[in-house]
Amino acid sequence: MNNHNDKNTALKSIYDDVMLPNYAPADFIPDRAQGSRVWDKNNKEYIDLGGGIAVNSLGHSNPILIKALNDQANKLWHTSNYISNEPAISLAKKLTELTFAEKVYFSNSGSEANEAAIKMARKFHHDRGENRDEIIAFENSFHGRSILNISLGGSEIHKQGFEPLLSGIKHAKYNDIKSVENLISNKTAAVIIEPVQGEAGVHEANKDFLKSLRDLCNETGTLLIMDEVQSGIGRMGYLYGYIKYEIEPDILTSAKGLGGGIPIGATLTKNDIASSLSTGTHGSTFGGNPMACAVSNKIIEIVSDPGFLIEVQKKEELMMNLLSEINSETKTFSDLRSSGLWICCDIKDLDAFELLDRCYENGLILVTAGNKALRFAPALNISEDDINEGLGNLTKALNQI
Ligand SMILES: *Cc1c(COP(=O)(O)O)cnc(C)c1O
Numbered sequence: 001m002n003n004h005n006d007k008n009t010a011l012k013s014i015y016d017d018v019m020l021p022n023y024a025p026a027d028f029i030p031d032r033a034q035g036s037r038v039w040d041k042n043n044k045e046y047i048d049l050g051g052g053i054a055v056n057s058l059g060h061s062n063p064i065l066i067k068a069l070n071d072q073a074n075k076l077w078h079t080s081n082y083i084s085n086e087p088a089i090s091l092a093k094k095l096t097e098l099t100f101a102e103k104v105y106f107s108n109s110g111s112e113a114n115e116a117a118i119k120m121a122r123k124f125h126h127d128r129g130e131n132r133d134e135i136i137a138f139e140n141s142f143h144g145r146s147i148l149n150i151s152l153g154g155s156e157i158h159k160q161g162f163e164p165l166l167s168g169i170k171h172a173k174y175n176d177i178k179s180v181e182n183l184i185s186n187k188t189a190a191v192i193i194e195p196v197q198g199e200a201g202v203h204e205a206n207k208d209f210l211k212s213l214r215d216l217c218n219e220t221g222t223l224l225i226m227d228e229v230q231s232g233i234g235r236m237g238y239l240y241g242y243i244k245y246e247i248e249p250d251i252l253t254s255a256k257g258l259g260g261g262i263p264i265g266a267t268l269t270k271n272d273i274a275s276s277l278s279t280g281t282h283g284s285t286f287g288g289n290p291m292a293c294a295v296s297n298k299i300i301e302i303v304s305d306p307g308f309l310i311e312v313q314k315k316e317e318l319m320m321n322l323l324s325e326i327n328s329e330t331k332t333f334s335d336l337r338s339s340g341l342w343i344c345c346d347i348k349d350l351d352a353f354e355l356l357d358r359c360y361e362n363g364l365i366l367v368t369a370g371n372k373a374l375r376f377a378p379a380l381n382i383s384e385d386d387i388n389e390g391l392g393n394l395t396k397a398l399n400q401i
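In the working numbering, the protein residues as written are 1 to 401.
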């Protein structure tokens, strides 16, 4: 494969020379992409059913988003937080109109959105003269890679060697209200939970559990934070996952699909909690920058349309039907789960990363969840043709093993 035409290999070898080894990316390097199709440096075509881990919500090179970005690029890039800008104001207005929230704080990533959420929760209690700084998070959860977020998270590998972690964080069992009751006290500032645990393999919270958790938080004066960084922006067939569960969080964090590939994070909350982050208490250089917000405005307009969300649910059904058919032929998977266009297949015998390489070879981009599951989080506007072709490529990959 080392001939002079192999631009993937040449670039990958430079990657290995100059980049930190914290990732182990694919052997190919994408060159361009359109919708749910990607072409690498050797011009090989792939169907993208990974969606950049639920980020490319409206596909690659979406003309509406390109126009929004270009129009904004020709007008105003950056102002600093001394001065506001129209795209940020208009995005915050939309988010408050469409959700439980009354106030919005912008940042650049999911980790930062969670950072603001936790600071907000602690400060809220502090301002009331209460000594409540503990946080309850959940086993197997994922909240990002900063010291705060690995402390919240459930993965030991993410923590090892990075100690000391943040103190005052306890881990309850997901979908087990008793385990939360055992940990919650008048020292607890907040509970942080993903409505569906994405990195852990698309495991949904039970409706009864989330309702009981909401009640428990109300009874004990604890704030409920929902990390919707991966579950939000239509991924579950709802603008945000909490809507499906018919409960409201006190604070919600959003990122990934919110920018469709442009970095943005948002922390949403109610007026009384928002007021704890008074002037000068928190900030971000790039948060709420006009370029990201201009793109995000368009994404929210499109994704919040009820007709669009119904289509997401229909495509979930199509993908799940096809995957069940594939599995009855190949018997590769021990379980198939979905929550909107967010699907996870537990693999019986094979290693997920080995299977992923086979998928790449057969022109399919996916992501994994741990090393025993494949995860699908395609563009929400993916066509049925692309779904069919992508899963056809999956069948080819599975038949090679
Ligand atoms: C991806 C993710 C994060 C972290 O987001 P970054 O943008 O990588 O900082 C946090 N929470 C959840 C649920 C995520 O899926």
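Virtual Cβ for every residue (Gly too), placed ideally from N, Cα, C.
Just so it is clear, the structure is predicted and the values come from calculations on it, not from any experiment.
In this structure, G221 is the residue among G260, Y105, G221 with its C-alpha nearest to the C-alpha of V191. Here K67 is actually not in contact with I300; their C-beta atoms are around 16 Å apart, not less than 8 Å.
Within a 10 Å sphere around the beta-carbon of W342 sit 16 or more other beta-carbons, which makes this residue buried.
One Cα belongs to K396, the other to N62, and the distance between them is close to 29 Å.
In the structure shown, F142 adopts coil according to DSSP, grouped into three states. With a cutoff of 8 Å on beta-carbon distance, F124 and H171 are scored as not near each other. Going by DSSP, P87 is part of the alpha helix (DSSP H) stretching over 86 to 98. Looking at L336, E311, N149, L309, the one whose alpha-carbon comes closest to that of L322 is L336. The shortest C-alpha to C-alpha distance from K372 to any of E389, G51, C344 is the one to C344. Annotation for H171: the continuous beta strand (DSSP E) segment containing it runs 169 to 172.
Taken from the Cβ of A255, at least one heavy atom of ligand 1 lies inside 7 Å. Collapsing the DSSP output to three states places P30 in a strand. Cβ atoms of I382 and K315 come within 8 Å of each other, at about 7 Å.
In the displayed model, F124 falls within a helix according to three-state DSSP.
Around the Cβ of F28, a 10 Å sphere holds 16 or more other Cβ atoms; the residue is buried. Sequence-distant partners of A101 (beyond 5 residues in either direction) whose C-beta falls short of 8 Å from its own C-beta, in its chain, are L95, L252, L268, T269, K270. By alpha-carbon distance to M291, the top candidate from S90, S141, D31, I150 is S90. P263 has its alpha-carbon roughly 9 Å from the corresponding atom of G110. If you keep only unbroken alpha helix (DSSP H) runs of at least 4 residues inside the stretch 314 to 399, you get 352 to 361, 384 to 399. Using a Cβ-Cβ distance cut-off of 8 Å, the stretch 127 to 146 and the stretch 169 to 186 are in contact, since at least three pairs of beta carbons, one from each stretch, lie closer than that value.
When the beta-carbon positions are compared, E354 and I47 stay at least 8 Å from each other.
Proximity of the beta carbon of D16 to ligand 1 is not indicated: no heavy atom of the ligand is located closer than 7 Å. In the same chain as A92, and ignoring 5 residues on each side of it, the C-beta atoms closer than 6 Å to its own belong to V104, in chain order. Here V18 is exposed. Its C-beta has fewer than 16 other C-beta atoms within 10 Å.
Apart from sequence neighbours up to five positions away, the residues of its chain that approach A88 with a beta-carbon distance below 7 Å are F106, G288, P290, C293, ordered along the chain. In the DSSP annotation of this structure, the continuous segment of the alpha helix (DSSP H) that includes S212 starts and ends at 207 to 220. Between I193 and R214, the CB-CB gap reaches or exceeds 8 Å. The Cβ neighbour count for H60, taken over all protein chains shown within 10 Å, is at least 16; the residue is labelled buried. If you draw a 10 Å sphere on the C-beta of S328, you find fewer than 16 other C-beta atoms in it, and that means exposed. A distance of 8 Å or more separates the beta carbons of R235 and A10. Pairing N42 with D71 gives a Cβ-Cβ distance that is not under 8 Å. Ranked by how close their Cα comes to the Cα of S275, the residues A117, I83, N206 have A117 in first place.
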